[in-house]
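First to last, the sequence lines map onto chains A and B.
For the first sequence, the positions run 1 to 112 when this note's numbering is used.
For the second sequence, the positions run 1 to 114 when this note's numbering is used.
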Amino acid sequence: GEDVEQSLFLSVREGDSSVINCTYTDSSSTYLYWYKQEPGAGLQLLTYIFSNMDMKQDQRLTVLLNKKDKHLSLRIADTQTGDSAIYFCAESSNTGGFKTIFGAGTRLFVKA
Amino acid sequence: EADIYQTPRYLVIGTGKKITLECSQTMGHDKMYWYQQDPGMELHLIHYSYGVNSTEKGDLSSESTVSRIRTEHFPLTLESARPSHTSQYLCASSEGSSGTDTQYFGPGTRLTVL
Numbered sequence: 001g002e003d004v005e006q007s008l009f010l011s012v013r014e015g016d017s018s019v020i021n022c023t024y025t026d027s028s029s030t031y032l033y034w035y036k037q038e039p040g041a042g043l044q045l046l047t048y049i050f051s052n053m054d055m056k057q058d059q060r061l062t063v064l065l066n067k068k069d070k071h072l073s074l075r076i077a078d079t080q081t082g083d084s085a086i087y088f089c090a091e092s093s094n095t096g097g098f099k100t101i102f103g104a105g106t107r108l109f110v111k112a
Numbered sequence: 001e002a003d004i005y006q007t008p009r010y011l012v013i014g015t016g017k018k019i020t021l022e023c024s025q026t027m028g029h030d031k032m033y034w035y036q037q038d039p040g041m042e043l044h045l046i047h048y049s050y051g052v053n054s055t056e057k058g059d060l061s062s063e064s065t066v067s068r069i070r071t072e073h074f075p076l077t078l079e080s081a082r083p084s085h086t087s088q089y090l091c092a093s094s095e096g097s098s099g100t101d102t103q104y105f106g107p108g109t110r111l112t113v114l
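Shown next, in the form of structure tokens:
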């Protein structure tokens, strides 16, 4: 079945850039998403990219999509301590009805 | 701002009790979901619904049951709680008709069964 994989941990220093990577297997993916989860809360959508796009930028966030390699990344510029959270990659396709698959999440630690 | 609510936020209960976790959304979304998540761990889809009177089991087997009598309401029930049910339960909804399948999450219910 479809799968989404992410590395589990990333540690960066405050002010540096963070890059969180994700790979997926579903070649019919329509949209790819990044969600953020802070401790004790639900997930919150950060951004998404349509599968025919290569890049999307939104303030400090840059999403890069390599559809050929089925690789998605999220770059956070000037990482702050408030960015410490779990980041979930997800993909959805409309094959057989919309279904979204989430990765296991990458825990980002930002050191002051 | 997502308009999806879960109650209670925290629940500590004894083994064998029946519990219902409430989830409501005011966005008119057709699709709703329940996920189980141990703290800081991955999400496991346990139930979902495509609309009123539609319920499906998710990828992770669960002893809980759900109902969808009204569009805005998707409660989850455990008939007899056990310590193995201790976890965080997240409810979500999405429009689901076309375009993205962006899911809006509630704040979660943290369940502890003693």
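Glycine is no exception: its CB is placed at the ideal position from the N, C-alpha and C atoms.
Closer than 9 Å by beta-carbon distance: list the chain C residues that pair up with residue i, in chain order.
| i | result |
| --- | --- |
| Pro107 (chain B) | Here chain C cannot be found, since the structure's protein chains are A and B. |
Below 8 Å on the Cβ atoms is my guess for residue i versus residue j; work out the distance and round it to an integer in Å.
| i | j | result |
| --- | --- | --- |
| Lys67 (chain A) | Ser92 (chain A) | Not a contact, Cβ separation roughly 15 Å. |
| Ala112 (chain A) | Thr81 (chain A) | 6 Å |
| Thr100 (chain A) | Gln103 (chain B) | 6 Å |
| Tyr89 (chain B) | Thr109 (chain B) | 5 Å |
| Gly105 (chain A) | Ile86 (chain A) | 4 Å |
| Tyr24 (chain A) | Lys70 (chain A) | 5 Å |
| Asp101 (chain B) | Tyr31 (chain A) | 7 Å |
| Glu95 (chain B) | Asp30 (chain B) | 7 Å |
| Leu61 (chain A) | Leu74 (chain A) | 7 Å |
So is residue i buried or exposed if we call it buried at 16+ other beta carbons inside 10 Å?
| i | result |
| --- | --- |
| Phe119 (chain A) | Nothing in the structure corresponds to residue 119 (chain A), since chain A is present only between 1 and 112. |
| Phe109 (chain A) | exposed |
| Arg70 (chain B) | exposed |
| Val4 (chain A) | buried |
| Leu114 (chain B) | exposed |
| Gly106 (chain B) | buried |
| Gln59 (chain A) | exposed |
| Ser62 (chain B) | buried |
| Gly40 (chain A) | exposed |
Considering only residues of the same chain and omitting the five flanking positions on each side of residue i, which have a CB-CB separation below 6 Å?
| i | result |
| --- | --- |
| Met32 (chain B) | Ser49, Phe74 and Ser93 |
| Ser29 (chain A) | Ser51, Glu91 and Ser93 |
| Asp38 (chain B) | Ser87 |
| Leu45 (chain B) | Tyr35, Gly58 and Asp59 |
| Gly16 (chain B) | Ser80 |
| Ile134 (chain A) | Residue numbering for chain A in the displayed model covers 1 to 112; residue 134 (chain A) lies beyond these limits and cannot be assessed. |
| Glu22 (chain B) | Thr7 and Pro75 |
| Gln44 (chain A) | Lys36 |
For residue i, I'd like the list of residues in its chain whose CB is within less than 8 Å of its CB, leaving aside the five on either flank, ordered along the chain.
| i | result |
| --- | --- |
| Asp83 (chain A) | Ser18, Ile76, Leu108 and Val110 |
| Gln57 (chain A) | Val63 |
| Arg68 (chain B) | Met32, Ser49, Gly51, Val52, Asn53, Ser54, Thr55 and Phe74 |
| Ile19 (chain B) | Leu11, Ile13, Thr77, Leu78, Ala81 and Leu111 |
Beta-carbon within less than 7 Å of residue i's beta-carbon, same chain only, minus the 5 sequence neighbours each way: which residues are those?
| i | result |
| --- | --- |
| Thr65 (chain B) | Thr77 |
| Thr47 (chain A) | Trp34, Lys56, Asp58, Leu61 and Val63 |
| Glu38 (chain A) | Ala85 |
| Asp3 (chain B) | Gln25, Thr26 and Met27 |
Is the region 16 to 35 of chain A close to the region 5 to 21 of chain B, with three or more CB pairs under 8 Å? no
Within the region 66 to 92 of chain A, note down every full alpha helix (DSSP H) run reaching 4 residues or more, in order along the chain. none
How do the region 3 to 17 of chain A and the region 67 to 87 of chain B stand: do at least 3 beta-carbon pairs fall below 8 Å, yes or no? no
Going residue by residue through the region 22 to 92 of chain B, where are the continuous beta strand (DSSP E) segments of at least 3 residues, counting only ones entirely within it? 31 to 37, 44 to 51, 54 to 57 and 76 to 78
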